[in-house]
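Trainee: Under my numbering, the first residue of the sequence shown carries the number 8, and numbering increases by one thereafter. Yeah, the Cβ is synthetic: ideal placement off N, Cα and C, and Gly gets one too.
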Amino acid sequence: MINRLTIKNIALIDSAIINFTDGLNVLSGETGAGKSVILESLNFVLGAKADKTLIRTGNNECMVTAEFELEENSPVYDVFNEFDMESEDVLLISRKLNLDGKSSIKVNGNTVSASMLKKFTAYLVDVHGQSEHFYLLKNSNQLKLLDKYCGTELLNIKSEIKNKVAEYKDVKSKLNDLGGDESSRILKLELLNYQIDEIKKVDLKDGEEESLTELKTKINNSAKIVNALNTARDILSGESGVGDLIYNAERTLGAITSFGEEYSEVYDRLSSVSADLEDVSETCEKLAEKFEFDVDIESVESRLDEIKALKRKYGANYSEISEFLSKAEKDKEILENSNEISEKLNAEKSLIEKDIYSLYKKLSLLRKEKALIFEKNVLDELCGLGLSNSKFKIDFKTEPTFPDCSFESENGFDDIEFLFSANSGEPLKSLSSVISGGEMSRFMLAIKAQTAKYNDIGTFIFDEIDAGLSGKTATVVAKKFADISAGAQVIAISHLPQITAMADNNLFIVKHEKTDSTLTEVKQLDIDGKIAEIVRLVGGENSDDSANSLAFDLVERANEYKKNLKK
Numbered sequence: 008m009i010n011r012l013t014i015k016n017i018a019l020i021d022s023a024i025i026n027f028t029d030g031l032n033v034l035s036g037e038t039g040a041g042k043s044v045i046l047e048s049l050n051f052v053l054g055a056k057a058d059k060t061l062i063r064t065g066n067n068e069c070m071v072t073a074e075f076e077l078e079e080n081s082p083v084y085d086v087f088n089e090f091d092m093e094s095e096d097v098l099l100i101s102r103k104l105n106l107d108g109k110s111s112i113k114v115n116g117n118t119v120s121a122s123m124l125k126k127f128t129a130y131l132v133d134v135h136g137q138s139e140h141f142y143l144l145k146n147s148n149q150l151k152l153l154d155k156y157c158g159t160e161l162l163n164i165k166s167e168i169k170n171k172v173a174e175y176k177d178v179k180s181k182l183n184d185l186g187g188d189e190s191s192r193i194l195k196l197e198l199l200n201y202q203i204d205e206i207k208k209v210d211l212k213d214g215e216e217e218s219l220t221e222l223k224t225k226i227n228n229s230a231k232i233v234n235a236l237n238t239a240r241d242i243l244s245g246e247s248g249v250g251d252l253i254y255n256a257e258r259t260l261g262a263i264t265s266f267g268e269e270y271s272e273v274y275d276r277l278s279s280v281s282a283d284l285e286d287v288s289e290t291c292e293k294l295a296e297k298f299e300f301d302v303d304i305e306s307v308e309s310r311l312d313e314i315k316a317l318k319r320k321y322g323a324n325y326s327e328i329s330e331f332l333s334k335a336e337k338d339k340e341i342l343e344n345s346n347e348i349s350e351k352l353n354a355e356k357s358l359i360e361k362d363i364y365s366l367y368k369k370l371s372l373l374r375k376e377k378a379l380i381f382e383k384n385v386l387d388e389l390c391g392l393g394l395s396n397s398k399f400k401i402d403f404k405t406e407p408t409f410p411d412c413s414f415e416s417e418n419g420f421d422d423i424e425f426l427f428s429a430n431s432g433e434p435l436k437s438l439s440s441v442i443s444g445g446e447m448s449r450f451m452l453a454i455k456a457q458t459a460k461y462n463d464i465g466t467f468i469f470d471e472i473d474a475g476l477s478g479k480t481a482t483v484v485a486k487k488f489a490d491i492s493a494g495a496q497v498i499a500i501s502h503l504p505q506i507t508a509m510a511d512n513n514l515f516i517v518k519h520e521k522t523d524s525t526l527t528e529v530k531q532l533d534i535d536g537k538i539a540e541i542v543r544l545v546g547g548e549n550s551d552d553s554a555n556s557l558a559f560d561l562v563e564r565a566n567e568y569k570k571n572l573k574k
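1. Tell me the rounded alpha-carbon separation between residue 23 and residue 405.
2. Buried or exposed: which applies to residue 560, given that a residue is buried once 16 or more other Cβ atoms fall within 10 Å of its Cβ?
3. Between the stretch 97–108 and the stretch 71–78, can you find at least three pairs of beta-carbon atoms closer than 8 Å?
4. According to DSSP, simplified to helix, strand and coil, what is residue 24?
5. Using 10 angstroms around the beta-carbon of residue 252, count the other beta-carbons present and answer buried if the total reaches 16, otherwise exposed.
6. Sort 38, 93 and 104 by Cα distance to residue 58 and report the nearest one.
7. What span of residues does the alpha helix (DSSP H) with residue 250 cover, start to end?
8. Let's see if you can read the secondary structure: which residues bound the beta strand (DSSP E) around residue 177?
9. My guess is that residue 506 and residue 459 are in contact by the Cβ rule of under 8 Å, so how many angstroms apart are they, rounded?
10. Cβ-heavy atom distance between residue 174 and the ligand NAD below 7 Å?
11. Only counting the same chain, and skipping five residues up and downstream in sequence, which positions put a Cβ closer than 6 Å to that of residue 139?
12. Could you compute how far the alpha carbon of residue 16 sits from the alpha carbon of residue 65?
13. Taking residue 351 as part of the alpha helix (DSSP H), name the residues at either end of that continuous run.
14. From what residue to what residue does the alpha helix (DSSP H) around residue 192 run?
15. State the start and end residues of the unbroken alpha helix (DSSP H) segment that holds residue 312.
16. Identify, in the order they occur along the chain, each residue of the same chain with its Cβ nearer than 6 Å to the Cβ of residue 384, setting aside the five sequence neighbours on each side.
17. Based on Cα-Cα distance, which residue from 90, 116 and 134 lies nearest to residue 122?
18. Quick check: residue 371 and residue 338, are their CB atoms within less than 8 Å of each other?
19. Check for me: the beta strand (DSSP E) holding residue 399 runs from which residue to which?
20. Which runs of the beta strand (DSSP E) spanning at least 3 residues fall entirely within the stretch 452–499, listed in chain order?
21. Spatial neighbours of residue 348 within its chain, please: C-beta separation below 7 Å, excluding the five flanking residues on both sides.
22. Do residue 452 and residue 398 have their CB atoms nearer than 8 Å?
23. Say whether the stretch 512–522 touches the stretch 21–38, bearing in mind that this needs 3 or more beta-carbon pairs closer than 8 Å, one atom from each stretch.
24. What is the rounded straight-line gap between the Cα of residue 53 and the Cα of residue 125?
25. Quick check on DSSP: helix, strand or coil for residue 139?
26. Look up residue 10 in the DSSP assignment and give the residues it is bridged to.
27. Can you tell me whether residue 3 is helix, strand or coil according to DSSP?
28. Using the rule of at least 16 other Cβ atoms within 10 Å of the residue's Cβ for burial, across every protein chain shown, is residue 274 buried or exposed?
29. Between which two residues does the alpha helix (DSSP H) harbouring residue 557 extend?
30. Are the stretch 317–326 and the stretch 192–201 in contact at 8 Å, needing three or more beta carbon pairs?
31. Quick one: Cα of residue 401 to Cα of residue 425, how far?
32. Could you give the residue range of the beta strand (DSSP E) that holds residue 596?
33. Between which two residues does the beta strand (DSSP E) harbouring residue 425 extend?
34. Determine the extent of the beta strand (DSSP E) in which residue 63 is found, giving its start and end residues.
35. Could you check the C-alpha separation between residue 562 and residue 67 for me, to the nearest Å?
36. Who are residue 102's beta bridge partners in DSSP?
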């Protein structure tokens with residue numbers, strides 16, 4: 008429920024803090040005092056389209072802050088989790104708008120977008136006439152409401168459906184592991200055979216690609232390699248090459264080896280170098296002489312292209328391709344021997360489908376039975392609200408046949424829509440096409456009187472739905488508000504003394520006109536203020552004893568009615 012609404016620079020309101028309570032909150036005041044501004048402010052902070060005309064003349068920006076107290080099982084906690092935000096039992100929404108049209112929104116101090124805000128507020132408030140926050144305009148919510156109205160019996164059926172749907176998905180998963188149905192399995196087997204044959208045909212060896220790449224490099228650089236080998240050989244052992252020079256140095260050192268061991272060591276070292284150079288020269292000569300290949304560059308490149316094509320399909324290297332082949336062969340073996348298993352699973356799947364369809368039918372039948380009771384109860388409510396000629400029907404769309412049915416929904420196959428007509432001769436229409444006018448307001452009051460305790464919404468707001476009502480019907484409306492407020496917070500803008508008398512929290516809207524400005528003020532009334540306001544609404548004066556007596560009488564009757572509700 009909403010605890011507090013803080014408004015700054017909205018239309019006629021300079022600054023206001025409105026404290027709401029649980030139960031029935033009634034806003035009253037003279038026509039034009041600014042009651043609608045409060046609803047506009049609330050809609051603004053809930054995520055309605057921002058309009059610069061909201062900003063009070065002479066100011067650059069406006070701001071509205073709303074504080075909500077969340078129930079323990081509120082769906083809003085799921086939204087906190089969705090956006091990875093820390094959840095709290097108090098939800099604080101703050102929204103600003105400036106003359107440039109820029110809007111900023113914060114939820115519990117976290118900056119959010121308008122779309123994120125609407126996810127939070129979808130379950131907070133149901134404002135009549137504002138489709139953005141009108142919970143029951145959505146067919147899916149209408150079905151949820153009917154299901155809650157159906158009670159424990161429906162929950163038991165849904166539990167059976169949930170178990171069967173889990174079984175169904177498990178069987179389908181096992182069939183998919185086998186390749187699906189017969190035609191799917193044949194196609195998968197054909198694909199596996201093709202893949203296995205293609206890999207085996209290439210017959211890739213471990214390290215082959217690396218060897219071929221090295222060979223390709225040698226072939227492409229053969230002239231350069233042979234030239235380098237021959238040049239090195241000539242330098243080492245050719246005429247006047249390094250070999251001759253080292254030979255002369257070796258002969259010179261040999262003449263002095265007898266003069267000292269150190270000269271012998273130098274000679275031996277040079278002899279070793281000479282032998283190594285001779286060996287290197289011979290090796291270069293041999294490598295150059297036998298530099299020939301059994302394959303040409305075209306065949307090497309063709310084989311590498313084959314390997315590259317294989318890698319594109321089956322793995323980045325020999326190891327991955329081998330793993331793919333191994334798995335494909337195992338999958339093929341399973342598919343070739345899966346007919347018996349598949350037949351068994353398909354038979355099981357067919358039986359589960361029949362069970363699910365039967366449960367869907369059972370669920371639909373229960374919904375239709377309860378829908379008739381719900382329709383009658385709502386129509387009874389409407390008669391008491393002065394709409395005896397109205398019509399209400401829960402329309403069930405055509406149910407799918409067994410072949411056309413999807414068996415993975417835990418909610419059955421029903422698709423419903425609330426249809427309503429206020430007057431004789433008018434056709435039934437969906438709520439979204441008739442969501443306006445006093446009759447529609449009373450229809451919603453009748454719906455909520457029957458379903459408030461089943462609803463996820465914590466706060467219901469009614470904007471002057473008592474227009475044109477009086478006498479007995481006004482008393483009925485006041486009692487309906489009390490009925491709803493016994494299980495949810497209700498905020499109502501009203502001109503009726505009966506509704507004002509029924510309030511748990513009376514808020515009086517008054518307009519002050521000055522020479523250069525007009526201000527709206529919100530006052531929380533005590534019992535004396537409440538009596539004075541009822542006197543005003545019945546057209547009396549504070550000094551009028553009969554008017555005061557009537558006001559006290561209305562309050563006493565209202566209190567007695569609310570007292571009996573709690574028993």
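Mentor: Checking against the coordinates, here is how it stands:
1. Here residue 23 is taken as the residue at index 16 of the sequence shown, counted from 1. Here residue 405 is taken as the residue at index 398 of the sequence shown, counted from 1. Residue 23 and residue 405 have their C-alpha atoms some 52 Å from each other.
2. Within the sequence shown, numbered from 1, the residue matching residue 560 stands at position 553. With fewer than 16 Cβ atoms within 10 Å of its Cβ, residue 560 is classed as exposed.
3. Because the criterion of three Cβ pairs below 8 Å is met, the stretch 71–78 and the stretch 97–108 touch.
4. Counting from 1 along the sequence shown, the entry for residue 24 is found at position 17. Strand, per DSSP.
5. Taking the sequence shown and counting its residues from 1, the one referred to as residue 252 is at position 245. Exposed is the call here.
6. Against the sequence shown, residue 58 aligns to sequence position 51. Closest in alpha carbon position to residue 58, among 38, 93 and 104, is 104.
7. Locating residue 250 in the sequence shown gives position 243, where the first residue counts as 1. Where residue 250 is concerned, the enclosing alpha helix (DSSP H) stretches over 249–261.
8. Here residue 177 is taken as the residue at index 170 of the sequence shown, counted from 1. Here residue 177 belongs to no beta strand (DSSP E); instead the alpha helix (DSSP H) covers 159–184.
9. As a first step, residue 506 must be located in the sequence shown, where it is residue number 499. As a first step, residue 459 must be located in the sequence shown, where it is residue number 452. Between residue 506 and residue 459, the beta carbon gap of about 17 Å keeps them out of contact (Cβ cut-off 8 Å).
10. No copy of the ligand NAD appears in this structure; indeed no ligand is present at all.
11. Sequence index remark: in the sequence shown, residue 139 carries index 132 (1-based). In this predicted model, residue 139 has a pLDDT of only 44, less than 50, meaning its place in the structure is not dependable; the value taken from the coordinates is given anyway. Excluding the 5 residues flanking it on each side, residue 139 has same chain C-beta neighbours closer than 6 Å at 55, in chain order.
12. Sequence index remark: in the sequence shown, residue 16 carries index 9 (1-based). Sequence index remark: in the sequence shown, residue 65 carries index 58 (1-based). If I take the Cα positions, the gap works out to 9 Å.
13. Mapped onto the sequence shown, residue 351 falls at position 344. Residue 351 -> alpha helix (DSSP H) spans 346–391.
14. Residue 192 sits at position 185 when you count from the first residue of the sequence shown. Looking at the DSSP string, the run of the alpha helix (DSSP H) that includes residue 192 is 189–209.
15. Position 305 of the sequence shown, counting from 1, holds the residue named residue 312. From DSSP, the alpha helix (DSSP H) with residue 312 extends over 304–321.
16. As a first step, residue 384 must be located in the sequence shown, where it is residue number 377. Cβ within range, chain order: 457.
17. Position 115 of the sequence shown, counting from 1, holds the residue named residue 122. The residue among 90, 116 and 134 with its C-alpha nearest the C-alpha of residue 122 is 90.
18. In the sequence shown, residue 371 corresponds to position 364, counting from 1. In the sequence shown, residue 338 corresponds to position 331, counting from 1. Here residue 371 is not near residue 338, since their CB atoms are 8 Å or more apart.
19. Start at 1 with the first residue of the sequence shown, and residue 399 comes out as number 392. 398–403 is the extent of the beta strand (DSSP E) around residue 399.
20. Runs found: 466–470.
21. Taking the first residue of the sequence shown as 1, we reach residue 348 at position 341. Annotation for residue 348: 185 place their beta carbon closer than 7 Å to its own, counting only its chain and skipping 5 residues before and after.
22. Against the sequence shown, residue 452 aligns to sequence position 445. Against the sequence shown, residue 398 aligns to sequence position 391. Not a contact, by the Cβ cut-off of 8 Å.
23. The stretch 512–522 makes contact with the stretch 21–38: 3 or more CB pairs, one atom from each, lie closer than 8 Å.
24. The count along the sequence shown starts at 1 and reaches residue 53 at position 46. The count along the sequence shown starts at 1 and reaches residue 125 at position 118. Here the alpha carbons of residue 125 and residue 53 stand approximately 7 Å from one another.
25. Within the sequence shown, numbered from 1, the residue matching residue 139 stands at position 132. Model confidence at residue 139 stands at a pLDDT of 44, short of 50, so the residue's coordinates are unreliable and nothing is read from them.
26. Your numbering for residue 10 matches position 3 in the sequence shown. Under DSSP, residue 10 shares a beta bridge with no residue.
27. The structure shown does not extend to residue 3, since the chain spans only 8 to 574, so no value can be given for it.
28. Here residue 274 corresponds to residue number 267 of the sequence shown, with the count starting at 1. Classification for residue 274: buried.
29. Residue mapping note: residue 557 aligns to position 550 of the sequence shown, counting from 1. Where residue 557 is concerned, the enclosing alpha helix (DSSP H) stretches over 552–572.
30. Counting Cβ pairs under 8 Å, fewer than three are found: no touch.
31. The residue you call residue 401 lines up with position 394 of the sequence shown. The residue you call residue 425 lines up with position 418 of the sequence shown. Cα to Cα, residue 401 sits roughly 5 Å from residue 425.
32. In the structure as shown, the chain starts at 8 and stops at 574, and residue 596 therefore has no counterpart that could be examined.
33. The count along the sequence shown starts at 1 and reaches residue 425 at position 418. Taken as a continuous stretch (DSSP letters only), the beta strand (DSSP E) holding residue 425 covers 423–428.
34. Translated into positions along the sequence shown, residue 63 becomes position 56. No beta strand (DSSP E) holds residue 63; DSSP gives it neither H nor E.
35. What you label residue 562 is simply residue 555 of the sequence shown in a count that begins at 1. What you label residue 67 is simply residue 60 of the sequence shown in a count that begins at 1. C-alpha separation (whole angstroms): 44 Å.
36. Taking the first residue of the sequence shown as position 1, residue 102 is located at position 95. Bridge partners of residue 102: 71 and 112.
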